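Working notes for the structure below.
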Amino acid sequence: MSLGRVRAEGANGMQWLIRFLNGRGGPLIAATCLVAAACGSSNTAPSSQASNGSALVVNMAVGPATLDPAEECGTTDFTITNGVYSQLTQYGSKPGPDGTTQADPAHIVPYLAKSWNISSDGLVYTFHLRPGLKFPNGDPVDSQAVKFSLERSVTMNGCGGYFIYDGIYTPPLIKSIATPDPNTVVITLSRPDPNVLQDWAQPAASIVDPAVVNAHGGVVPNQVNQWMAGHVAGYGPFLLQSYEPNKRAVLVANPNFFEKSGAQKVVINFINSDPTLLLEAKSGAADVTLGLAKQSAHSLASNPNLRVIADPSPETEWLGLANNMPPFNNQKLREALSYAVPYQQILSNIAFGYGKLFFGPFPPSFPGYNAQIEKPRPYDLAKARQLLQASGVHTPIGATLVIQEGNPIDEQVATAVQGVWSQLGVNLTVQQLSPTDYINALEGHKVQAFIRLDGPGVIDPGYYLGYDMKCGISFNLTATCIPQADQLLDQARQTTDPATRQQLWDQIERLWIADTPKIPVYGDEYITVLNKRVRSYFYSDEINYRTWSK
768 MSLGRVRAEG ANGMQWLIRF LNGRGGPLIA ATCLVAAACG SSNTAPSSQA
818 SNGSALVVNM AVGPATLDPA EECGTTDFTI TNGVYSQLTQ YGSKPGPDGT
868 TQADPAHIVP YLAKSWNISS DGLVYTFHLR PGLKFPNGDP VDSQAVKFSL
918 ERSVTMNGCG GYFIYDGIYT PPLIKSIATP DPNTVVITLS RPDPNVLQDW
968 AQPAASIVDP AVVNAHGGVV PNQVNQWMAG HVAGYGPFLL QSYEPNKRAV
1018 LVANPNFFEK SGAQKVVINF INSDPTLLLE AKSGAADVTL GLAKQSAHSL
1068 ASNPNLRVIA DPSPETEWLG LANNMPPFNN QKLREALSYA VPYQQILSNI
1118 AFGYGKLFFG PFPPSFPGYN AQIEKPRPYD LAKARQLLQA SGVHTPIGAT
1168 LVIQEGNPID EQVATAVQGV WSQLGVNLTV QQLSPTDYIN ALEGHKVQAF
1218 IRLDGPGVID PGYYLGYDMK CGISFNLTAT CIPQADQLLD QARQTTDPAT
1268 RQQLWDQIER LWIADTPKIP VYGDEYITVL NKRVRSYFYS DEINYRTWSK
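For the sequence shown, my numbering begins at 768 and goes up steadily by one.
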């Protein structure tokens, strides 16, 4: 899932951008590694030797580019963080598929902070920390550590800073952080922002040990801490016993954490071969498998020893259209083409049913989603032809559709759309680009159309639209510009009343749908394969092993 903002300047901008555009849970874009410590060789060898015994074995397709929560951008980075760090707040939970549980972004609950108070004007948040907590070296997990950690992320100006600020920089969202005593943190905002409790539940807001960080490079404005990229300096449910970048990580339960973890040991294998992931899931070598291709996961659905869990995710398979570039700068043409996508066929035959159809800016997992407004748009070629005629565009016309090479789902979706649109006289040339070229093309706004599995880092409409819809934002990759919607967005982001916020989201949804700036092909579902040994599994987009057990 994309974060939403990239450093405007600095030597690390491209590395930051690669992880930003990689998204959270989407296909890996591995053109460049942020730091040398995170660029180990790939691992495709079976890991069954680690499956014996009481350890919970987790196989996943992609390893993190960094272990530093201040620099992490998406799910591929968060694969270890929530196990070895903790934050002031956390997502609540709700029932998930087949006896599992899943994160509930609509309800934020205490974590390191046992409680908090919010001033009547929505500007002052007072957190009351759990007393007596200590980092592994004995340092206190206190208000000074919280202040240091949040300010560190902002000062480094990586992905973490964007999460902490909720993408609000003018003026900076956080006005001050005070520490009146070791167990109290007072954060004063420059403007009301009802989403900050979710922002501060993100891995970016992980509490680090100031003494450890300062002993290993400290905090330098706009620079990466090389040591933190491959080491841990936090307080969490697990301790990092060993770490081989892009190969394996071993976590052991932290006996001094204030809650008991579900497993005493977690072995995480990073395996970038889908056939190997599939083989290990089938053989029982893995307890939990993450990142398996949808077709492979579908093939396991009838296996009596496995459970294939599909959780609604904030990701969407998008067909992006350049609103500022011919021919897609014509609204009627965009609307016409939105009726010429075989949505159900793509969902059934390409995504193997792991998704949900909708049409609007927010996928169904979003708190602001309104099912009555964002109803799926039908596949209707007759209506598409009618709208195409009303557009005034003379056919045949040609356009280039860009996809990232090596992504079979995007390739199949592109082929399906290409075939249907040709019947309307819209002839697509599908161009596959290398990861680096794909990034450069999207970031440089050099493409007419593209396909991408994408979504926000924070599951909140304001956070998402703050970079994906607002006029003039460079990471609004389709150059969407709906001025009236922008005005409503600014109101919604400062409105604390839930009912009023929903009314504003509803108005934005209607404006967005009428404009059709891009086409949601389907809302994605995140697939996890569980061995029948697994008793407890909690799905969160920011992977969290804390309660997993077998």
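Glycine residues also receive a C-beta, built at the ideal position from the N, C-alpha and C atoms. Values in this document were obtained by computation on a predicted structure and should not be read as measured data.
Taking a contact as a CB-CB distance under 8 Å, the pair Pro864 and Ile1076 counts as one, their CB atoms being some 5 Å apart.
Here the segment 1185-1202 makes no contact with the segment 896-912; the two share fewer than three CB pairs at distances below 8 Å. Of all C-beta pairs linking the segment 1137-1153 to the segment 1075-1090, fewer than three are shorter than 8 Å, placing the two stretches out of contact.
In this structure the segment 934-953 lies against the segment 909-923, because at least three pairs of beta carbons, one per stretch, are closer than 8 Å.
When Ser1132, Tyr1289 and Glu1141 are compared, the shortest CA-CA separation from Ala870 is found for Ser1132. Burial check for Ser1028: the Cβ neighbour count within 10 Å reaches 16 or more, so the residue is buried. Here Trp1085 carries a strand assignment [DSSP, helix/strand/coil]. Separation of the CB atoms of Ala828 and Leu1057 is rounded to 7 Å, and the pair is thereby assigned contact status at 8 Å. Its chain contains Pro1223 as the residues whose beta carbon lies nearer than 6 Å to that of Tyr1231, once the 5 sequence neighbours on both sides are disregarded; these appear in chain order.
Ranking Gln1215, Asn989 and Tyr1121 by CA distance to the CA of Ala1089 puts Gln1215 first. With a cutoff of 7 Å on beta-carbon distance, Val825 and Gly1001 are scored as not near each other. According to the DSSP secondary-structure assignment, Thr1295 is paired through a beta bridge with Leu1057 and Ile1076. Put simply, of Pro1004, Asn1116, Lys1142 and Gly1120 the residue whose alpha carbon is nearest the alpha carbon of Phe902 is Pro1004. For the pair Ala837 and Pro1130, the Cα-to-Cα distance works out to about 27 Å. The shortest CA-to-CA distance from Asn924 to any of Ser821, Leu956, Ile1140 and Asp835 is the one to Asp835. A distance below 8 Å between beta-carbons, with the five flanking residues on each side excluded, links Gly859 to the following residues of its chain, in chain order: Ala870, Asp871, Ala873, His874, Ile875 and Val876. Straight across, the Cα-Cα distance linking Ala1068 with Gln1112 is about 20 Å. The alpha-carbon of Ala1048 is positioned some 8 Å away from that of Val1055. Within the segment 1156-1209, the alpha helix (DSSP H) runs of at least 4 residues that lie entirely inside it are, in chain order, 1175-1189. Judged by DSSP secondary structure, Glu1011 falls outside any alpha helix (DSSP H) and instead within the beta strand (DSSP E) spanning Phe1005 to Glu1011. The beta carbon of Glu1172 lies closer than 7 Å to those of Gln1199, Leu1200 and Ser1201 in the same chain, with the five residues before and after it left out. Closest in alpha carbon position to Ala1118, among Ala1138, Leu1104 and Asp1177, is Asp1177. Taken in chain order, the whole alpha helix (DSSP H) runs of length 4 or more contained in the segment 966-1024 are 977-982. Beyond the five residues adjoining it in sequence on each side, Ser920 comes within less than 6 Å, by CB distance, of Ala837, Gly927, Gly928, Ile931 and Ala971 in the same chain, given in chain order. Beyond the five residues adjoining it in sequence on each side, Thr1263 comes within less than 7 Å, by CB distance, of Gly889, Pro959 and Pro961 in the same chain, given in chain order.
DSSP, reduced to helix, strand and coil, places Ala1030 outside both helices and strands of the structure shown, so it counts as coil. Relative to the Cα of Lys1317, the nearest Cα in the group Gln1098, Gly934, Thr867 and Gln1258 belongs to Thr867. Around the Cβ of Tyr1136, a 10 Å sphere holds 16 or more other Cβ atoms; the residue is buried. Phe915: member of the alpha helix (DSSP H) spanning Ser910 to Met923, first to last residue.
Val851 sits in a helix when the DSSP states are folded into three classes. Closest in C-alpha terms to Pro1093, from the list Gly1211, Gln969 and Ile1164, comes Ile1164. Under the three-pair Cβ rule at 8 Å, the segment 993-1000 counts as touching the segment 978-985. Distance from the CA atom of Ile974 to the CA atom of Gln1179, rounded to whole angstroms, is 43 Å.
Secondary structure note for Ala1216: its beta strand (DSSP E) is the uninterrupted segment Ala1216 to Asp1221.
In the DSSP annotation of this structure, Asn884 is not part of any alpha helix (DSSP H); the continuous beta strand (DSSP E) holding it starts and ends at Ala880 to Ile885. The C-alpha of Trp1272 is placed about 8 Å away from the C-alpha of Pro1228.
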